[in-house]
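K.L.:
Residue numbers (my numbering): 4 to 91. Quick reminder that beta carbons are idealized off the backbone N, C-alpha and C, glycines included.
#1: Could you check whether residue 72 and residue 15 sit closer than 8 Å to each other, using their CB atoms as the reference points?
#2: For my contact list, residue 37 and residue 45 are in at a C-beta cut-off of 8 Å; report their separation, rounded to the angstrom.
#3: Within 10 Å of its beta-carbon, does residue 83 have 16 or more other beta-carbons around it, so buried, or fewer, so exposed?
#4: Excluding the five sequence neighbours on either side, which residues of its own chain have a C-beta within less than 8 Å of the C-beta of residue 55, listed in chain order?
#5: At what residues does the alpha helix (DSSP H) containing residue 79 begin and finish?
#6: Where does residue 20 land, buried or exposed, given buried means 16+ other C-beta within 10 angstroms?
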């Protein structure tokens with residue numbers, strides 16, 4: 004499993020809240036709050052499918068990290084389940 008899939012797996016299996024987040028035009032962005040209060044962001048083009056997701060910014064009280072890691076469609080389908088209908 005690559006890094007993007009690992010980040011998606013942890014967020015989807017342990018996350019406490021999924022929130023659509025502000026993004027540039029044409030981009031769908033989800034923010035998943037993890038049990039410790041940190042937030043992992045995921046993005047894809049609005050016209051994209053489950054294979055287009057990428058793990059992006061990670062925010063926590065102790066710091067943060069910027070990722071640009073691809074996610075396979077297997078985990079991308081899980082993220083699509085939380086995508087607002089208007090972003091599909």
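P.N.:
According to the structure shown:
#1: For the purposes of this step, residue 15 is identified with residue 12 of the chain shown, where counting begins at 1. For the purposes of this step, residue 72 is identified with residue 69 of the chain shown, where counting begins at 1. Not in contact: residue 15 and residue 72 (Cβ atoms no closer than 8 Å).
#2: Position 34 of the chain shown, counted from the start, is the residue given in the question as residue 37. Position 42 of the chain shown, counted from the start, is the residue given in the question as residue 45. About 13 Å separates the two Cβ atoms, so there is no contact after all.
#3: Walking along the chain shown from the start, residue 83 turns up at place 80. Classification of residue 83: buried, given that the 10 Å Cβ count is 16 or more.
#4: Start at 1 with the first residue of the chain shown, and residue 55 comes out as number 52. Contacts found: 47, 48 and 79.
#5: As a position in the chain shown, residue 79 is number 76, starting the count at 1. First-last of the alpha helix (DSSP H) with residue 79: 76-83.
#6: In the chain shown, residue 20 corresponds to position 17, counting from 1. Residue 20 should be labelled exposed.
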